[in-house]
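Student: Following this message is one structure expressed as structure tokens.
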Amino acid sequence: MLTLYRPGTGPLHRMPAGPKLLLVLAAVLAVSLLPSTWAAAGIAAALPVVAYALAGLGDGMLGLRELARQVLAVRWVIVITLGGQLLFLGPEPAVANTARVTSAVVLAALLVLTTRVTNLLDAVERGLRPLAALRVDPARAALLLTVTLSTVPVLAGLARDVRDAQRARGARAGLRAFAVPFLVVAFKHADELGDALTARGVR
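Residues in the sequence shown are numbered from 1 upward in steps of one, following UniProt numbering.
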């Protein structure tokens, strides 16, 4: 399975997958519940900065280089979210909502960057084991949640690769010129992921 995991020895790398997953989910939930105010936008923007700085990613800039890379990868999401909400809601809620969405995405990326997919899968499966009494398959549910968590940063990485390739060829920037090749590689990734799951007996 394609992953963005980066080996390291920072605090988040050393933390067990289960508690780390709960910590990141709590942070994402807290960001999502912030009000649509300028102060909330500042909090939403500051939280990933602190989280990446404490993660110990080893990029030599307290995580800021990796954070900038993750934000850059979802720039079209930021532009579309901000533009649409500026049109209908006004500056303050538009900036606050966009900051919350961006913060949630990069925090989810931090989980995948510091946790091996196998460890994350095992942690989710253990947490869902009590649901087996309700005829819920913990392994299948864990796989679904893990793939979902992994997909957001993976797609962000694919988007960055597409834009880098276009820039290397001197292609003109534009949403239409970006969308078509991005959809092609995204569908290709989905097909490869489906084939990998099928090969492992997942139906």
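Glycine included, C-beta positions come from ideal geometry on N, C-alpha and C. The structure displayed is predicted, hence computed values, not measured ones.
1. What's the C-alpha gap between R6 and Q70?
2. Among A44, D191 and F182, whose alpha-carbon lies nearest the alpha-carbon of A99?
3. Can you give me the C-alpha to C-alpha distance between R65 and D59, rounded to a whole angstrom?
4. What residues in its chain sit with their C-beta under 6 Å from that of L86, if we drop five residues either side in the sequence?
5. Could you tell me the distance, in whole angstroms, from the CA atom of A132 to the CA atom of P138?
6. Could you give the C-beta distance for A55 and R160, rounded to a whole number, given that I count them as a contact under 8 Å?
7. Could you give the C-beta distance for A109 and G18, rounded to a whole number, given that I count them as a contact under 8 Å?
8. Helix, strand or coil for R6 per DSSP?
9. Enumerated in chain order, which unbroken segments of the beta strand (DSSP E) with a length of 3 residues or greater are wholly contained in the segment 10 to 63?
10. Which class does G157 belong to by DSSP, given the choice of helix, strand or coil?
11. Would V154 and F182 be called neighbours here (beta carbons separated by less than 8 Å)?
12. Taking the alpha carbon of L67 as the point to measure from, which residue in N97, T151 and L107 has its own alpha carbon closest?
13. When DSSP labels each residue in this structure, what does T98 get in the three-state scheme?
14. Kindly indicate which residue of V79, T102, L22 and K20 has the alpha-carbon position closest to the one of A41.
15. Determine, using beta carbons only, whether S36 and A96 come nearer to each other than 8 Å.
16. What's the C-alpha gap between V77 and L158?
17. For a quick check, are the C-beta atoms of L128 and A141 less than 8 Å apart?
18. Which stretch, first to last residue, makes up the alpha helix (DSSP H) that contains R129?
Tutor: Based on what the coordinates show:
1. For the purposes of this step, residue 6 is taken as residue 6 along the sequence shown, with counting starting at 1. For the purposes of this step, residue 70 is taken as residue 70 along the sequence shown, with counting starting at 1. Spanning the two alpha carbons is a distance of roughly 14 Å.
2. Looking up residue 99 in the sequence shown gives position 99. Considering only alpha carbons, the answer is A44.
3. Stepping through the sequence shown from its first residue, residue 65 is reached at position 65. Stepping through the sequence shown from its first residue, residue 59 is reached at position 59. Cα-Cα distance, rounded: 7 Å.
4. Stepping through the sequence shown from its first residue, residue 86 is reached at position 86. Within the same chain, L86 has close Cβ partners A94.
5. Locating residue 132 in the sequence shown gives position 132, counting from the first residue. Locating residue 138 in the sequence shown gives position 138, counting from the first residue. For A132 and P138, the distance between alpha carbons rounds to 6 Å.
6. Position 55 of the sequence shown, counting from 1, holds the residue named residue 55. Position 160 of the sequence shown, counting from 1, holds the residue named residue 160. So it is not a contact: roughly 19 Å between Cβ atoms.
7. Along the sequence shown, one-based indexing puts residue 109 at 109. Along the sequence shown, one-based indexing puts residue 18 at 18. Taking C-beta atoms under 8 Å as the contact rule, A109 and G18 fail to qualify, at a distance of about 19 Å.
8. By 1-based counting over the sequence shown, the position of residue 6 is 6. Three-state DSSP puts R6 in coil, outside helix and strand.
9. Along the length of the segment 10 to 63, whole beta strand (DSSP E) runs at least 3 residues long do not occur.
10. Position 157 of the sequence shown, counting from 1, holds the residue named residue 157. The answer is helix: DSSP assigns G157 an H, G or I state.
11. Within the sequence shown, the letter at position 154 stands for residue 154. Within the sequence shown, the letter at position 182 stands for residue 182. Contact: no.
12. The sequence position of residue 67 within the sequence shown is 67, counting from 1. Between L67 and the set N97, T151 and L107, the nearest pair of CA atoms involves L107.
13. On the sequence shown, position 98 is the one that residue 98 refers to. Helix.
14. As a first step, residue 41 must be located in the sequence shown, where it is residue number 41. When only C-alpha atoms are compared, the closest one is T102.
15. For the purposes of this step, residue 36 is taken as residue 36 along the sequence shown, with counting starting at 1. For the purposes of this step, residue 96 is taken as residue 96 along the sequence shown, with counting starting at 1. The beta carbons of S36 and A96 sit closer together than 8 Å.
16. In the sequence shown, the residue the question calls residue 77 occupies position 77. In the sequence shown, the residue the question calls residue 158 occupies position 158. Rounded to the nearest angstrom, the gap between the Cα atoms of V77 and L158 is 14 Å.
17. Against the sequence shown, residue 128 aligns to sequence position 128. Against the sequence shown, residue 141 aligns to sequence position 141. Taking 8 Å as the Cβ cut-off, L128 and A141 qualify as a contacting pair.
18. For this step, residue 129 is matched to residue 129 along the sequence shown. Neither: R129 is in no alpha helix (DSSP H) and is coded neither H nor E.
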